[in-house]
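Asker: This is the structure I have questions about; it appears just below.
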Amino acid sequence: MYKSLLVSSLLFCGVAQADLLDALKYYEKKDYTKAQAEFASLVPLGNETAAFNLAVMYQEGQGVAVDLAKTQAYLQLAYSLGDKKSERLAKALYDQLPSSEQQRANATFEQLVSSVQINNPALDDEPERPMPEAISRKEPMYPMSAARRGEFGFADARFLIDEKGKVQGVEIINEYPKGTFDTATKNALSTWEYQATGQKHIGRVSLSYTLSGIALHKKRLDKLIKEQKLFDYALAGSPSHQYLLGSLLRLVNDHSHARLEEEPNKPFSPDFSLPAELFQQKYLAPKKLAGFKGHAKVSTDEKGKVTAVLESKPLSKTQVEALLLGQKLHVKAKAGQYSINTGIKNDGQVFIHKVLQVSPFYSSNYWLLTAAKNGHLEAQRLMAARSDEWENYMLQQNDAVIQTWAGVSRILKGEQEQGHVLLDKAIAQQYEVASELKAAL
Numbered sequence: 019m020y021k022s023l024l025v026s027s028l029l030f031c032g033v034a035q036a037d038l039l040d041a042l043k044y045y046e047k048k049d050y051t052k053a054q055a056e057f058a059s060l061v062p063l064g065n066e067t068a069a070f071n072l073a074v075m076y077q078e079g080q081g082v083a084v085d086l087a088k089t090q091a092y093l094q095l096a097y098s099l100g101d102k103k104s105e106r107l108a109k110a111l112y113d114q115l116p117s118s119e120q121q122r123a124n125a126t127f128e129q130l131v132s133s134v135q136i137n138n139p140a141l142d143d144e145p146e147r148p149m150p151e152a153i154s155r156k157e158p159m160y161p162m163s164a165a166r167r168g169e170f171g172f173a174d175a176r177f178l179i180d181e182k183g184k185v186q187g188v189e190i191i192n193e194y195p196k197g198t199f200d201t202a203t204k205n206a207l208s209t210w211e212y213q214a215t216g217q218k219h220i221g222r223v224s225l226s227y228t229l230s231g232i233a234l235h236k237k238r239l240d241k242l243i244k245e246q247k248l249f250d251y252a253l254a255g256s257p258s259h260q261y262l263l264g265s266l267l268r269l270v271n272d273h274s275h276a277r278l279e280e281e282p283n284k285p286f287s288p289d290f291s292l293p294a295e296l297f298q299q300k301y302l303a304p305k306k307l308a309g310f311k312g313h314a315k316v317s318t319d320e321k322g323k324v325t326a327v328l329e330s331k332p333l334s335k336t337q338v339e340a341l342l343l344g345q346k347l348h349v350k351a352k353a354g355q356y357s358i359n360t361g362i363k364n365d366g367q368v369f370i371h372k373v374l375q376v377s378p379f380y381s382s383n384y385w386l387l388t389a390a391k392n393g394h395l396e397a398q399r400l401m402a403a404r405s406d407e408w409e410n411y412m413l414q415q416n417d418a419v420i421q422t423w424a425g426v427s428r429i430l431k432g433e434q435e436q437g438h439v440l441l442d443k444a445i446a447q448q449y450e451v452a453s454e455l456k457a458a459l
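Residue numbers (the working numbering): 19 to 459.
Here it is, written out as structure tokens:
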């Protein structure tokens with residue numbers, strides 16, 4: 019009974035929710051040695067599907083000797099990483115093992131857990147970092163080729179701001195579509211100037227590109243997603259499509275004027291169309307809110323008055339209640355939940371967004387994180403910019419991009435020796451940005 023359950027679960031996984039595309043291709047070709055190596059390489063990333071498939075291989079003796087204790091250990095690991103179906107299978111097998119094998123399964127599980135380097139894959143909103151005030155910002159030129167094709171998108175960039183406010187070492191860390199707006203972004207940013215502070219800073223900006231009169235319409239985006247089969251391939255387990263879908267949804271999420279919260283029980287459209295509510299939220303202009311700082315989430319009634327404080331930091335709920343309870347949150351606020359956040363200028367203004375609960379499949383973070391866990395290099399670099407765990411993992415992989423910016427960050431924090439070692443490692447890999455930044459430091 020246990021064996022039939024496990025094998026049937028593998029078949030379901032391969033059809034409906036498989037990822038780790040290369041590993042699964044090796045598996046389908048019965049190249050079990052390569053498949054096992056690919057799956058094993060993704061376990062440190064906290065990849066529950068890789069752990070589950072390794073359980074199957076040890077149960078079936080595919081490229082490895084049959085080992086039910088290891089099967090049980092990998093099932094335990096898959097469950098601990100979020101694969102809910104593995105709980106029942108792990109328990110069923112554990113109950114069938116003799117006492118000595120149960121002990122070995124437990125010991126193996128502990129070893130596997132200790133090998134996982136990404137223990138907290140869920141990412142909070144990226145923290146805003148203090149930056150000098152921009153005093154001169156040239157608008158980027160819209161690429162003619164993109165304009166002719168009616169393309170829209172964005173480019174996220176990271177760079178060094180020197181003591182005089184000049185920009186150096188511009189690097190594109192994410193963009194959509196890839197290779198479309200990078201040159202225009204670099205050319206524009208290289209001319210920007212920030213307030214001179216006498217200190218160096220790491221700067222980050224996101225530039226959106228949309229043609230005049232062409233908005234991000236739901237109908238247009240649904241058509242694009244279907245034409246490129248983004249959801250089809252992302253759900254089938256293609257890391258490159260997961261990354262592409264995550265990048266496109268980043269654009270949608272950012273233009274929705276809402277704060278999205280992933281809710282697994284929320285419905286997902288079978289035709290892959292985007293929720294209409296993502297395109298129906300109104301922009302809420304920043305407003306002054308004396309005495310408030312940090313973040314809060316509140317509930318409001320039909321008149322937009324605050325009825326409850328659901329979460330807050332660093333202020334306590336009691337402090338936020340004293341400020342907001344019974345007050346009109348915003349002139350455009352209606353019934354629902356809203357997030358409130360102070361900006362990096364700390365000038366008393368707050369930014370208010372409607373909170374929308376959506377299926378994780380409509381969340382940019384979900385797909386970018388999934389792509390990273392499935393081995394997509396650019397997605398992993400994005401995660402490393404937002405997570406110490408991912409940064410440490412990428413440094414262990416000797417990634418020149420992460421070595422460069424981790425090195426710069428350490429130097430700016432006063433950790434000169436460690437920072438220059440990292441920069442030198444990146445330069446040894448002929449990463450040009452590292453050489454440019456080292457000269458500037």
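No residue lacks a Cβ here, since even glycine has one placed at the ideal position from N, Cα and C. Keep in mind that this is a model prediction, so the values were computed, not measured.
#1: With distance defined between alpha-carbon atoms, name the residue in E105, Y45, S104 nearest to G79.
#2: Could you please give the first and the last residue of the uninterrupted beta strand (DSSP E) stretch that includes V134?
#3: Express the C-alpha separation of A53 and Q77 in angstroms, rounding to a whole number.
#4: By the DSSP assignment, the alpha helix (DSSP H) with K182 in it spans what residues?
#5: Is it buried or exposed, S117, if we count other Cβ atoms within 10 angstroms and call 16 or more buried?
#6: Is the stretch 198-216 close to the stretch 147-166, with three or more CB pairs under 8 Å?
#7: When the Cα atoms are used, what is the spatial distance from E181 to L207?
#8: On the criterion of 16 or more Cβ atoms from any shown chain inside 10 Å, does Q114 qualify as buried, or is it exposed?
#9: In the DSSP assignment, what are the bridge partners of G221?
#10: Please classify I153 as buried or exposed, where buried requires at least 16 neighbouring CB atoms within 10 angstroms.
#11: For A84, count neighbouring Cβ atoms within 10 angstroms of its own Cβ and tell me buried if that reaches 16, exposed if not.
#12: Specify, as a first and last residue, the run of the beta strand (DSSP E) that N383 falls within.
#13: DSSP has N192 in a bridge; who is on the other side?
#14: Look up Q355 in the DSSP assignment and say whether it is helix, strand or coil.
#15: Pair every Cβ in the stretch 182-199 with every Cβ in the stretch 243-251, then say whether three or more of these pairs are closer than 8 Å.
#16: Measuring alpha carbon to alpha carbon, tell me which of D40, K102, Q421 ends up nearest P282.
#17: So what's Q246 in DSSP terms, helix, strand or just coil?
#18: My understanding is that S256 touches L455, with C-beta atoms under 8 Å, so please give their C-beta distance in whole angstroms.
#19: Which residues mark the beginning and the end of the beta strand (DSSP E) in which H371 is found?
#20: Quick check on DSSP: helix, strand or coil for K346?
#21: Sorted by chain position, which residues of the same chain lie with C-beta nearer than 7 Å to V82's C-beta, five sequence neighbours on each side aside?
#22: So, at 7 Å on beta carbons, what are the nonlocal neighbours of T360 in its own chain, with the 5 sequence-adjacent residues on each side left out?
#23: In chain order, what residues of the same chain have a beta carbon less than 7 Å from the beta carbon of H348, not counting five sequence neighbours either side?
#24: Could you check what DSSP says for R404 in three-state terms: helix, strand or coil?
#25: What is the residue span of the beta strand (DSSP E) that L328 lies within?
#26: If you draw a straight line from the C-alpha of L328 to the C-alpha of K350, how long is it?
#27: Run the CB neighbour count on A452, radius 10 Å, all protein chains shown included, and call it buried at 16 or more, exposed below.
#28: Please go through the same chain and pick out, in chain order, the residues whose beta-carbon is closer than 6 Å to the beta-carbon of P332, but skip the five residues on each side of it.
#29: How would you call L229, buried or exposed, if buried means at least 16 neighbouring beta carbons within 10 angstroms?
#30: Can you tell me which residues form a DSSP beta bridge with Q186?
#31: What first and last residue would you give for the alpha helix (DSSP H) that runs through E454?
#32: According to DSSP, is V74 part of a helix, a strand, or is it coil?
#33: Tell me the rounded alpha-carbon separation between I179 and E211.
#34: Note down the Cα distance separating V419 from A402, rounded to an integer number of angstroms.
#35: For G183, count neighbouring Cβ atoms within 10 angstroms of its own Cβ and tell me buried if that reaches 16, exposed if not.
#36: When burial is assigned at 16 or more other CB atoms within 10 Å of the CB, is A87 buried or exposed?
Answerer: Walking through what the data contain:
#1: When each option's Cα is compared against that of G79, the closest is Y45.
#2: Element bounds for V134: n/a, residue is neither H nor E.
#3: 15 Å
#4: Unbroken run through K182: none, as it is neither H nor E.
#5: Exposed, since its Cβ has fewer than 16 Cβ neighbours within 10 Å.
#6: yes
#7: E181 and L207 have their C-alpha atoms roughly 16 Å apart.
#8: By the neighbour-count criterion, in which a residue is buried when 16 or more other Cβ atoms sit within 10 angstroms of its Cβ, Q114 is exposed.
#9: F177
#10: exposed
#11: According to the sequence as given, residue 84 is Val; it is not Ala. Label assigned to V84: exposed.
#12: The continuous stretches of beta strand (DSSP E) do not include N383, which lies in the alpha helix (DSSP H) extending over residues 382-391.
#13: D174
#14: strand
#15: no
#16: K102
#17: coil
#18: So it is not a contact: roughly 34 Å between Cβ atoms.
#19: That run of the beta strand (DSSP E) goes 367-376.
#20: strand
#21: For V82, where only same-chain residues beyond five positions count, the Cβ hits under 7 Å are Q54, M75, Y76.
#22: F310, K311, G312, V368
#23: L302, K305, G322, I370
#24: coil
#25: 324-332
#26: 20 Å
#27: Buried, since its Cβ has 16 or more Cβ neighbours within 10 Å.
#28: G312
#29: When all chains shown are included, L229 counts as exposed.
#30: L178
#31: 450-458
#32: helix
#33: 8 Å
#34: 10 Å
#35: buried
#36: buried
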